[in-house]
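Novice:
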Amino acid sequence: MALAYQESAVGGQVEFSPVSRVAGPLTLRASVDSGGGVSDAHATAPLFRGYELLLRDRDVRDAIFVSSRACGVCGGAHATCSALALEMLFGVRPPQFGITVRNVLAALDTMIDHPAHLFLRAGPDFSEPIVRDTNPELWTRATTTAAAGVETHGLKNVSDIMAGMTRFTGSLYQEALAMSRMGREAYVLTGGKYPHPQTIVPGGISSTVDPSDLNLAMLRVAK
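If you read the sequence shown in our numbering, its first letter stands for residue 8, the second for the next number, and so on.
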């Protein structure tokens, strides 16, 4: 990740580009005043994938199924956003149960996506084997630096967190794998399949869902 900084009399402009490990290039820009305050912050994705071109002259309902394939990690979010856009276009409001089910699916999508990014993709870059090998002085410092939030996760030092993010064998890595699997199992009970769900449509979802399906999904989350 490259950092650029341009200074002026009242502060400066800071740019981080590209931000890696985010399933595509990302650029962050912000204004920083002389006191270190941040304002006018923007995040942009400069990579053009061409999905907009694929959607030209197609049935507008195809937007959900095409855009959900923009990413194999967060296809549920793309499908839901497309459905929301079509609902605004058509002037449609889903029934409350449809909104509830889509909200549950969005929450499960987050439970799949966030652990996968933090601990399976980005986390290993900050794990014990990598840091010990590339920046041994940081590893030494981490072994004596108390970890924030120890009362929540139970890991005493920063080095314990780094060890937990070790690929395949770390406790946090393995926990994230299990959580990602659980989220997928719960998602398909109501959403039909994951990734690239096919059941999110304008007006709610197209699958048949009853409270027992939601109960089964919540049982998996509660494990």
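Just so it is clear, CB atoms sit at the ideal spot from N, CA and C, and this is done for glycine as well.
Predicted model only: the values in this text are computed from it and were never measured.
(1) Cβ atoms of residue 61 and residue 83: under 8 Å apart, would you say?
(2) Helix, strand or coil, according to DSSP, for residue 216 in the structure here?
(3) Would DSSP call residue 49 helix, strand or coil?
(4) Start and end of the alpha helix (DSSP H) containing residue 197?
(5) Taking contact to mean at least 3 C-beta pairs separated by less than 8 Å, is the segment 128 to 148 in contact with the segment 97 to 105?
(6) Determine whether the beta carbon atoms of residue 190 and residue 93 lie at a separation below 8 Å.
(7) For residue 218, tell me which candidate among 105, 58, 20 and 19 has the shortest Cα-Cα distance.
(8) Count the other CB atoms within 10 Å of the CB of residue 65; is the residue buried (16 or more) or exposed (fewer)?
(9) Please name the residue, chosen from 72, 33 and 42, that lies closest to residue 205 on a Cα-to-Cα basis.
(10) Below 8 Å, can you find three or more Cβ-Cβ pairs linking the segment 114 to 128 to the segment 174 to 190?
(11) Where residue 53 and residue 59 are concerned, what is the direct C-alpha to C-alpha distance, given to the nearest angstrom?
(12) Quick one, which of 127, 109 and 133 has its alpha-carbon nearest residue 199's?
(13) Please check the pair residue 149 and residue 169, which I expect to be a contact at CB under 8 Å, by giving their CB distance rounded to whole angstroms.
(14) For residue 15, does the count of other Cβ atoms within 10 angstroms reach 16, so buried, or fall short, so exposed?
(15) Report, in whole angstroms, the separation of the C-beta atoms of residue 91 and residue 130, which I expect to be a contact under 8 Å.
(16) Tell me the residue span of the beta strand (DSSP E) that contains residue 35.
(17) Hey, residue 49 and residue 36 are a contact pair by Cβ (cut 8 Å); roughly how many whole angstroms apart?
Specialist: Checking against the coordinates, here is how it stands:
(1) no
(2) coil
(3) strand
(4) 178 to 198
(5) Contact between the segment 128 to 148 and the segment 97 to 105 is absent: fewer than three C-beta pairs spanning the two stretches fall below 8 Å.
(6) no
(7) 105
(8) exposed
(9) 72
(10) yes
(11) 14 Å
(12) 109
(13) 6 Å
(14) Confidence at residue 15 is low in this model, with a pLDDT of 47, below 50, so the placement of that residue should be treated as unreliable; the coordinate-derived value is given next. By the 10 Å Cβ count, residue 15 comes out exposed.
(15) Not a contact, Cβ separation roughly 31 Å.
(16) Residue 35 -> beta strand (DSSP E) spans 34 to 40.
(17) 5 Å
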